[in-house]
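Participant: Each residue of the sequence shown is one higher than the one before, counting from 1 in UniProt numbering.
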Amino acid sequence: MSKSVAVSLSEAAIKRHAGDSAITQLRDTQRPLRFRYRQNRERGSFYVVTRAQGKEHWHKLGNYPDLTVKAVLSVLPNVMQRLAIEPQSGALSTSGWSTVGEVLEWYTHRVSHDGNLSKNRKATARSAVKCQLLPCLGALRLVELNHATLDSKLMWPLQSQYSVAHVRLVFGVLKVAFKQAASLGLIGKNPMADMTFTDFIKTKIKPKDARLRPVDCGRLLEHWAARYRHETTAVALAVLMLAHGTRIGETRQAKWRHFDLIGKTWHIPAVDTKTKKAHTLPLTAQVCAFLARYRASQVARGYDGAYLFPGVQGRPFSEMQAQLAFTALSGEQWTSHDLRKTARTAWADLGVDYLIGELLLNHALKALDVTYIHTTAEAQKRQALERWHAWLDERGFASLHSATGATDART
């Protein structure tokens, strides 16, 4: 039978009674505070309990351990004052924030110190807050944030200056900021909980026109073969991306030990992937030959280190170095991502199974797809890349993986 226990509410009391599943609630003996355990006994919720017109009213303060007992006790006097004015408040803020800007500043700090986010994600969020959200909404009071004010102060002005895709990105940053603040009890109510992007903008986001198509592969390969001797590293980066459809971040950080030229596989560690799941790709005979040529080029230049694409201070190519390499190689006519899209389009044209293509790209898959993939995929992945590389051979790939005399190449 569940029961409530009277205690002087503290961290020690919460931990002491967590082991007794019969105890579901702790009542503070000195304050109108309650603590309720969740099914996971290491977590729970804080409430302030008041009485009005003969009835108890429970007001949620926040979740434990996101909020500590010390934090709750420090804001309790302000909470009680607010309840004296608004006795029917169902949820309360423990932060004391009153403006959208305060939420955004907290979120920016949180994002900057989130070890699970990539540098790109952090930079994108910080930029959206600094350049659009704070200027448009920073001074807006939380109680004034609703559909009408968001539309007039942010969404409608932005859509006149930026692409729909960028406006959606900014909206997404704002929505995540409020969702996290509300889940931690830092704001009493999430004013954006029921808002969606299409409430404001109905226009569908059109995919960008392709800057490269499979028909361009012959021209690319001819160009790369001519540039290999003088731009060896940039060409090698482009070749690996076109050959496998990999992301630039996955490719630029590759180490030689990730390649098994005997077993003919390329292992990409989880830490280097966007999905944070390890990724393994088959290596065809053509790619193995190209890698052997490229390694010989590196050794001839005096490099015998760990990385395929060495940067500075013993590190791999930085994102900026990789982008600059592609800018020079492409003449600003296409980007690294265009190579990935071209590979995906060509695979479809060559009849590669849709799920096999998704797996080669290391896209996140649904549970049913994963079951299918595990039982049939490996052989089909290899067959798909062998078909793709044979198709590329007909358009000039052979001049890159079978050429000789490139040991004096310079980057």
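Beta carbons: idealized from backbone N, C-alpha and C, even for Gly.
Please read all numbers here as calculations on a predicted model, not as lab measurements.
Could you please give the first and the last residue of the uninterrupted beta strand (DSSP E) stretch that includes T265?
Facilitator: T265 to I268 is the span of the beta strand (DSSP E), which, as asked, contains T265.
Participant: For the 8 Å Cβ check, are there 3 or more pairs between the region 229-238 and the region 327-336?
Facilitator: The region 229-238 is in contact with the region 327-336.
Participant: So, under 8 Å CB-CB, V170 and G138 are touching, yes? Tell me the CB distance rounded to an integer number of Å.
Facilitator: With a Cβ gap of about 14 Å, V170 and G138 do not count as contacting.
Participant: Can you give the beta carbon distance from Y228 to L400, rounded, assuming they're within the 8 Å contact cut?
Facilitator: With 8 Å as the limit, Y228 and L400 qualify as a contact, their Cβ atoms being about 7 Å apart.
Participant: Does L359 come within less than 9 Å of chain D when only Cβ atoms are used?
Facilitator: No chain D appears in the structure shown, which is made up of a single protein chain.
Participant: Alpha carbon to alpha carbon, how far is E231 from T411? Give it in angstroms, no decimals.
Facilitator: Model confidence at T411 stands at a pLDDT of 43, short of 50, so the residue's coordinates are unreliable and nothing is read from them.
Participant: I believe G396 touches G218 by the beta-carbon criterion, under 8 Å. Please report the beta-carbon distance rounded to the nearest angstrom.
Facilitator: The pair is a contact, with the Cβ atoms about 6 Å apart (cut-off 8 Å).
Participant: Can you find the residues in the same chain that come closer than 8 Å, C-beta to C-beta, to V103, ignoring five residues on each side of it along the sequence?
Facilitator: Taken in chain order, the residues that qualify are W97, L142, A177, F178, A181, L186 and I187.
Participant: Candidates K341, H57, A18 and A379: which alpha carbon is nearest R43's?
Facilitator: Nearest C-alpha to R43: A18.
Participant: With distances taken Cα to Cα, identify the nearest neighbour of W391 among P214, I262, V5 and A278.
Facilitator: Answer by Cα proximity: P214.
Participant: Return the bridge partner residues of Y307 from the DSSP annotation.
Facilitator: In DSSP, Y307 forms a bridge with K255.
Participant: Could you check what DSSP says for residue 412 in three-state terms: helix, strand or coil?
Facilitator: Here the chain covers residues 1 to 411 and nothing more, so residue 412 does not appear.
Participant: Rounded to the nearest angstrom, what separates M192 and Y294 at their Cα positions?
Facilitator: Approximately 53 Å between the Cα atoms of the pair.
Participant: Whole angstroms are fine: how far does the CA of K276 sit from the CA of G115?
Facilitator: So the two alpha carbons sit approximately 13 Å from each other.
Participant: Of the residues A22, K119, Q81 and V111, which one's Cα is nearest the Cα of K274?
Facilitator: Residue K119 is the option with its Cα nearest to K274.
Participant: Alpha carbon to alpha carbon, how far is R301 from N152? Give it in angstroms, no decimals.
Facilitator: Rather than Asn, the amino acid found at residue 152 in this sequence is Ser. Taking the straight line from one Cα to the other gives about 59 Å.
Participant: Helix, strand or coil for A409, going by three-state DSSP, please let me know.
Facilitator: Because A409 carries a pLDDT of 42, less than 50, the predicted location of this residue cannot be relied on, and the following value inherits that uncertainty. Reduced to three states, the DSSP call for A409 is coil.
Participant: Taking the alpha carbon of V48 as the point to measure from, which residue in M80, K204, A71 and A346 has its own alpha carbon closest?
Facilitator: Here the closest residue by C-alpha is M80.
Participant: Out of A285, R211 and A270, which has the shortest C-alpha to C-alpha gap to S336?
Facilitator: For S336, the nearest C-alpha among the options comes from R211.
Participant: Relative to the C-alpha of H166, which candidate in L184, A270, K189 and A125 has its C-alpha closest?
Facilitator: With distances taken between Cα atoms, H166 lies closest to A125.
Participant: Based on the DSSP secondary-structure assignment, which residues constitute the bridge partners of R27?
Facilitator: A6 and R34.
Participant: Can you check whether the CB of W388 is closer than 9 Å to the CB of A343?
Facilitator: Cβ atoms of A343 and W388: closer than 9 Å.
Participant: Compute the Euclidean distance between the alpha carbons of S402 and L283, then round it to the nearest angstrom.
Facilitator: Going from the Cα of S402 to the Cα of L283 covers about 16 Å.
Participant: Mapping DSSP to helix, strand and coil, what is A52?
Facilitator: Looking at A52 - three-state DSSP - the assignment turns out to be strand.
Participant: Do you know offhand how far V271's Cα is from R51's?
Facilitator: Roughly 53 Å between the two C-alpha positions.
Participant: Are the Cβ atoms of R34 and F46 separated by less than 9 Å?
Facilitator: Yes. Within cutoff.
Participant: Measuring CB to CB, does S10 end up less than 9 Å from V69?
Facilitator: Yes, Cβ-Cβ distance for S10 and V69 is below 9 Å.
Participant: Would L67 pass as a contact of L184 if the rule is Cβ separation under 9 Å?
Facilitator: The answer is yes: Cβ separation under 9 Å.
Participant: When you compare each of H147, D216, L339 and W266 to F197 by their alpha carbons, which one comes out closest?
Facilitator: Of the candidates H147, D216, L339 and W266, the one whose C-alpha sits nearest the C-alpha of F197 is H147.
Participant: So is A243 buried or exposed if we call it buried at 16+ other beta carbons inside 10 Å?
Facilitator: Result: buried.
Participant: Would DSSP call H279 helix, strand or coil?
Facilitator: It is a strand residue.
Participant: Within its chain, find whatever has a CB closer than 8 Å to the CB of L158; leave out the 5 residues flanking it on each side and keep chain order.
Facilitator: Same-chain partners within the cutoff: Q132, C136, H166, V167 and V170.
Participant: Would you please state the rounded distance, in angstroms, between the beta carbons of G311 and Q321? I believe it to be under 8 Å.
Facilitator: About 6 Å; that satisfies the 8 Å criterion.
Participant: Answer with buried or exposed for A12, where buried requires no fewer than 16 other C-beta atoms within 10 angstroms of its C-beta.
Facilitator: Exposed, by the Cβ-count rule.
Participant: So K175 is in the alpha helix (DSSP H); what residue range does that whole segment cover?
Facilitator: Looking at the DSSP string, the run of the alpha helix (DSSP H) that includes K175 is V164 to S183.
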